[in-house]
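See below for the structure under consideration.
4 protein chains.
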Amino acid sequence: MKAVILNCTLKKSPKVSNTEALIKKVVKEYKKLGVTSDIIRVVDYKIPFGVSSYEGKGDEWPVILKKIKSCDILIIAAPIWFGVRSSVAQLVIERLDGTYEEGDKKTGQFPLYGKVAGCIVTGNEDGAHDVAANTLFNLTHLGCVVPPNVDTYWVGPAGPGPSYIDAGGEKHLYTNKTLRFLVHNTTYMAKLLKKNPIPTNLKELINEAQKESE
Amino acid sequence: MKAVILNCTLKKSPKVSNTEALIKKVVKEYKKLGVTSDIIRVVDYKIPFGVSSYEGKGDEWPVILKKIKSCDILIIAAPIWFGVRSSVAQLVIERLDGTYEEGDKKTGQFPLYGKVAGCIVTGNEDGAHDVAANTLFNLTHLGCVVPPNVDTYWVGPAGPGPSYIDAGGEKHLYTNKTLRFLVHNTTYMAKLLKKNPIPTNLKELINEAQKESE
Amino acid sequence: MKAVILNCTLKKSPKVSNTEALIKKVVKEYKKLGVTSDIIRVVDYKIPFGVSSYEGKGDEWPVILKKIKSCDILIIAAPIWFGVRSSVAQLVIERLDGTYEEGDKKTGQFPLYGKVAGCIVTGNEDGAHDVAANTLFNLTHLGCVVPPNVDTYWVGPAGPGPSYIDAGGEKHLYTNKTLRFLVHNTTYMAKLLKKNPIPTNLKELINEAQKESE
Amino acid sequence: MKAVILNCTLKKSPKVSNTEALIKKVVKEYKKLGVTSDIIRVVDYKIPFGVSSYEGKGDEWPVILKKIKSCDILIIAAPIWFGVRSSVAQLVIERLDGTYEEGDKKTGQFPLYGKVAGCIVTGNEDGAHDVAANTLFNLTHLGCVVPPNVDTYWVGPAGPGPSYIDAGGEKHLYTNKTLRFLVHNTTYMAKLLKKNPIPTNLKELINEAQKESE
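Protein chains in written order, with our numbering: chain U, 837 to 1050; chain H, 837 to 1050; chain L, 837 to 1050; chain S, 837 to 1050.
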């Protein structure tokens, strides 16, 4: 089992990323279950804005997309800014739009069909529900399955304040609980779906729908 | 396989419900796959505001909750009002909060654990993504699994306008496509999970998390 | 200057409302500026679901609506449930839909045109931005003006936990700051708009738009 | 009166921007009222991710920020992607975070205090309410005033489809109405606030709040 975890911090390496600190705890739990993790810090790559899988010379998105396509579990890890997901997380979702064009010839299923999704969110305050809800929902549109309790987040109380690392977030019970739920449920579901891939033939259903819509 | 579909229209029977018109198309497709559907028009019941499973004498929520607990597939069907889900849909989600208290003694899994969720949305305009994203996300917190492409919606173009029935929404290709995806993917996943229930022991993971959080 | 504050808690009187505890601090600051406040606990009234200003016999919404129409400042105070505003707050917004039908004969301005809006949010955790953003936005559609920094909220850190009163939220600096910003900016703006009402003639602009849209 | 309109399309010049087509209609109406507009296509500038007003050598954000600081009306024009605002719009909001650090020495008011905000949204489908609600709300946090009816948007019906230009959106009545409301209400409010700037002394209120929070 392979997990790809996209760290959507705004800060390039080697700056300290609070999101990465939480990611590392997730990775540690995945390891216990035999799942290997590949953490990708998106902002370290040159990714132009766009909605295709290749935006021309110098575009490094294909490197990331290749890894995404070969994983079993896809985790978006995003900081909150102004109550919603970071621009880098939004950029990632926009670039994934290109995968809609790469449907399977027979079934029409997109490349992410049947992969399992999860979400990691950090912020010094409020916004985690909005980030997780939109991100997981977008991933279901792209083909992913969302098991129960696969969002883990840390935020402090109302208003600006210290972030995950400085606030001692690593001792926060709710986050430590939910990250384990995320790891166990994504892993179980990924194994189950590997053995029992979703058979739905989207093309056939589209044909049916077209007849009904004439 | 049994689907419970909660119609969260604001209008009591026998008023015409656009949401119901779309629900009926979903039910028809479920029938083809041998899935029986139980449509519940929530506003026809006396459901007080609250966050428990029983809010005292006269509360009819237990009737609905019992059906929810015995289904395989749970569909929230909600109209959009002011860009978000209807108050009745929000009321339903709030009342489901009570199920958190009814975890399995051994695993801690809540009553909705492993059920499969979907979402139907209608509105004369804009807001479907917000309704579906929040609703499906809330249902994953409560224990549900969300397969790919299990939201189907109809909305007209920007601004007020005719609703689903009057606008001829039943001929809208996108809606007719996505309702089929919803039906096929929820059915497949529900069968798969019935044979292979999620084994995660939440209680054990909470214990682990507590040790780490001291 | 008169402020109407709608407490959208799910709990009927005389149950303790955390939202009310924060409202009372707002009221105290309004008093210092000579603004009188009228707190309405919505759930104590019999308000049917609907989108008109009168839903038939027994509907007590007209009592509240009358107060709303005569205020200068309208504050929606809402608890967070499942990351979004309470069903009671959503019900209030839905019922305000009816005011669109009551536009001024000459200008087309709705009854809430030029009133000043604000928002108070409480929850034991995450969701305040979503509640405030949607609520204030909806109120601008209905005719209200939103000054800077007119949302005040209290939430605890990630996950379930004690609410405003038990958590000692009344000592939380960010909330105590922002409630003052809310009070001062809504009061200033309400006075300014009373002397200088928005003159926009919506009917004329609609006529213009119709010509362009033919 | 000066309006700055930030076009947050993902597409660099000279590609056709649907958002720009709608912007131009807004500009035309502003001109009738004597308001000059400065359209900035953000993606044509080199703007690194970040939350400060200057992110180091090569950062062109200061050029845009200078224009924002000198305007009376600030309009964010954003396409919808995956139901929410574009990554470029999110990037703009994140970069504005830096202005919190540049408060007036006496009053503590941020550089955007008292400017008037509006929002233009285009997408081939659903998401306009979410984009406008979040964007206008974020701008109130940064100091802007939001008059009634200052969001104008165009979206097509449910699902993918032609965009504003190809769909003949320029003849869409709702959009043509609301863009006029936006122009008239932002202009009136900007003039009113220029003569009557918000006097709130944030520093004094913070001092008061600190005493209460000890």
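Each residue gets a CB set at the ideal place from its N, CA and C atoms; glycine is no exception.
Residues of chain S with CB closer than 8 Å to the CB of residue 1009/L, please, in chain order. Residue mapping note: residue 1009/L aligns to position 173 of the third sequence, counting from 1. In chain order: 1045, 1046, 1049.
With a Cβ-Cβ cutoff of 9 Å, do residue 952/H and residue 983/H count as a contact? In the second sequence, residue 952/H corresponds to position 116, counting from 1. In the second sequence, residue 983/H corresponds to position 147, counting from 1. Their beta carbons are under 9 Å apart, which means residue 952/H touches residue 983/H by this criterion.
On a CA-only basis, which of 1039/S, 988/S, 839/S, 996/S is nearest residue 943/S? Give me that one, please. Residue mapping note: residue 943/S aligns to position 107 of the fourth sequence, counting from 1. Of the listed residues, the one whose Cα sits closest to residue 943/S is 1039/S.
So the candidates are 908/H, 932/H, 917/H, 925/H; which of them puts its Cα closest to the Cα of residue 879/H? Position 43 of the second sequence holds residue 879/H. The option with the nearest alpha carbon to residue 879/H is 925/H.
Quick check on residue 935/L: does DSSP put it in helix, strand or coil? Sequence index remark: in the third sequence, residue 935/L carries index 99 (1-based). In this structure, residue 935/L counts as helix in the three-state DSSP scheme.
Hey, is residue 973/S's beta-carbon within less than 9 Å of any beta-carbon in chain H? Mapped onto the fourth sequence, residue 973/S falls at position 137. Answer no: the Cβ-Cβ gap between residue 973/S and chain H never drops below 9 Å.
Would you verify that the beta carbon of residue 930/L is, or is not, closer than 9 Å to some beta carbon of chain H? On the third sequence, residue 930/L is found 94 positions in, with the first residue counted as 1. It does; some Cβ of chain H falls within 9 Å.
Got a sec: is the Cβ-Cβ distance from residue 1014/L to anything in chain U below 9 Å? One-based indexing of the third sequence puts residue 1014/L at position 178. Yes, residue 1014/L counts as interfacial toward chain U.
Helix, strand or coil for residue 873/H per DSSP? On the second sequence, position 37 is the one that residue 873/H refers to. Of the three classes helix, strand and coil, the one that applies to residue 873/H here is strand, per DSSP.
Check the Cβ-Cβ distances between residue 1107/H and every residue of chain L, and say whether any is below 9 Å. The requested residue 1107/H is not part of the displayed model; chain H covers only 837 to 1050.
Considering only their Cβ atoms, is the gap separating residue 1034/S from residue 981/S smaller than 9 Å? Within the fourth sequence, numbered from 1, the residue matching residue 981/S stands at position 145. Within the fourth sequence, numbered from 1, the residue matching residue 1034/S stands at position 198. Yes, they are a contact pair.
Residue 945/H touches chain A at which residues, Cβ-Cβ below 8 Å? Here chain A cannot be found, since the structure's protein chains are U, H, L and S.
Have a look at residue 941/H and residue 868/L and give me their C-alpha separation to the nearest angstrom. Working through the second sequence from its first residue, we reach residue 941/H at position 105. Working through the third sequence from its first residue, we reach residue 868/L at position 32. When rounded, the distance between both Cα atoms is 54 Å.
Taking contact to mean at least 3 C-beta pairs separated by less than 8 Å, is the segment 876 to 890 of chain S in contact with the segment 929 to 941 of chain S? yes
Ends of the beta strand (DSSP E) at residue 842/S? In the fourth sequence, counting from the first residue as 1, residue 842/S sits at position 6. Secondary structure note for residue 842/S: its beta strand (DSSP E) is the uninterrupted segment 838 to 843.
Might you give, ordered along the chain, the residues of its own chain that have their beta carbon closer than 7 Å to the beta carbon of residue 978/S, omitting 5 neighbours on each side? Within the fourth sequence, numbered from 1, the residue matching residue 978/S stands at position 142. Only 932, 935, 946, 948 meet the Cβ criterion.
Output needed in chain order: residues of the segment 872 to 906 of chain L with a Cβ under 8 Å from some Cβ in chain H. Here the close residues are 879, 885, 886, 887.
Just to confirm my understanding: we take residue 838/U, look at its own chain, exclude 5 residues before and 5 after, and list those with CB closer than 6 Å. What are they? In the first sequence, the residue the question calls residue 838/U occupies position 2. So the qualifying residues of the chain are 872, 907, 908.
Between the CA atoms of residue 853/U and residue 1042/L - distance to the nearest angstrom: Taking the third sequence and counting its residues from 1, the one referred to as residue 1042/L is at position 206. Taking the first sequence and counting its residues from 1, the one referred to as residue 853/U is at position 17. In a straight line, the C-alpha of residue 1042/L is about 51 Å away from that of residue 853/U.
Could you give the C-beta distance for residue 971/L and residue 914/L, rounded to a whole number, given that I count them as a contact under 8 Å? Locating residue 971/L in the third sequence gives position 135, counting from the first residue. Locating residue 914/L in the third sequence gives position 78, counting from the first residue. That belief holds up - the Cβ atoms of residue 971/L and residue 914/L are roughly 7 Å apart, short of 8 Å.
For residue 1007/U, tell me which candidate among 920/L, 994/L, 1018/L, 989/L has the shortest Cα-Cα distance. Translated into the one-based positions of the first sequence, residue 1007/U becomes position 171. With distances taken between Cα atoms, residue 1007/U lies closest to 994/L.
Between the C-alpha atoms of residue 1032/L and residue 1028/S, what's the straight-line distance to the nearest angstrom? One-based indexing of the third sequence puts residue 1032/L at position 196. One-based indexing of the fourth sequence puts residue 1028/S at position 192. For residue 1032/L and residue 1028/S, the distance between alpha carbons rounds to 8 Å.
In whole angstroms, what is the alpha-carbon distance linking residue 954/U and residue 911/U? For the purposes of this step, residue 954/U is taken as the residue at position 118 of the first sequence. For the purposes of this step, residue 911/U is taken as the residue at position 75 of the first sequence. Their Cα atoms are separated by approximately 5 Å.
Does any residue of chain L bring its CB to less than 9 Å from the CB of residue 993/U? Along the first sequence, one-based indexing puts residue 993/U at 157. Yes, residue 993/U lies at the interface with chain L (some Cβ there is under 9 Å from its Cβ).
Contacts of residue 980/S in chain L (Cβ-Cβ under 7 Å): Translated into positions along the fourth sequence, residue 980/S becomes position 144. Correct list: 984.
Closest residue to residue 881/L among 927/L, 1049/L, 958/L, 1002/L (Cα-Cα distance): What you label residue 881/L is simply residue 45 of the third sequence in a count that begins at 1. Cα-wise, what sits closest to residue 881/L is 927/L.
CB contact check: residue 920/H to chain L, cutoff 9 Å: Counting from 1 along the second sequence, the entry for residue 920/H is found at position 84. Chain L, which has a Cβ nearer than 9 Å to the Cβ of residue 920/H, makes this yes.
Is it buried or exposed, residue 966/H, if we count other Cβ atoms within 10 angstroms and call 16 or more buried? The residue given as residue 966/H occupies position 130 in the second sequence. Per the 10 Å Cβ criterion, buried.
Using a threshold of 9 Å, state whether the C-beta atoms of residue 973/S and residue 973/L are closer than that. For this step, residue 973/S is matched to residue 137 along the fourth sequence. For this step, residue 973/L is matched to residue 137 along the third sequence. Yes, Cβ-Cβ distance for residue 973/S and residue 973/L is below 9 Å.
Per DSSP, what kind of secondary structure is residue 904/U in: helix, strand or coil? The sequence position of residue 904/U within the first sequence is 68, counting from 1. Three-state DSSP puts residue 904/U in a helix.
For residue 891/L, which residues from the same chain have a beta carbon less than 6 Å from its beta carbon, with the 5 sequence-adjacent residues on both sides left out? Within the third sequence, numbered from 1, the residue matching residue 891/L stands at position 55. Around residue 891/L: 884.
One question on the structure: do residue 862/S and residue 988/S come within less than 9 Å of each other, judged by their Cβ atoms? Counted from its first residue, the fourth sequence places residue 862/S at position 26. Counted from its first residue, the fourth sequence places residue 988/S at position 152. Contact: yes.
As an exercise, report each continuous alpha helix (DSSP H) stretch of at least 4 residues that is fully enclosed by the segment 916 to 962 of chain L, in chain order. 923 to 932
Under DSSP, the beta strand (DSSP E) around residue 988/L begins and ends at which residues? What you label residue 988/L is simply residue 152 of the third sequence in a count that begins at 1. 987 to 990 is the span of the beta strand (DSSP E), which, as asked, contains residue 988/L.
For residue 1002/H, which of 850/H, 857/H, 847/H has the nearest alpha-carbon? Locating residue 1002/H in the second sequence gives position 166, where the first residue counts as 1. Each of 850/H, 857/H, 847/H was checked against the Cα of residue 1002/H, and the nearest Cα belongs to 857/H.
Could you check what DSSP says for residue 994/U in three-state terms: helix, strand or coil? Against the first sequence, residue 994/U aligns to sequence position 158. Coil, per DSSP.
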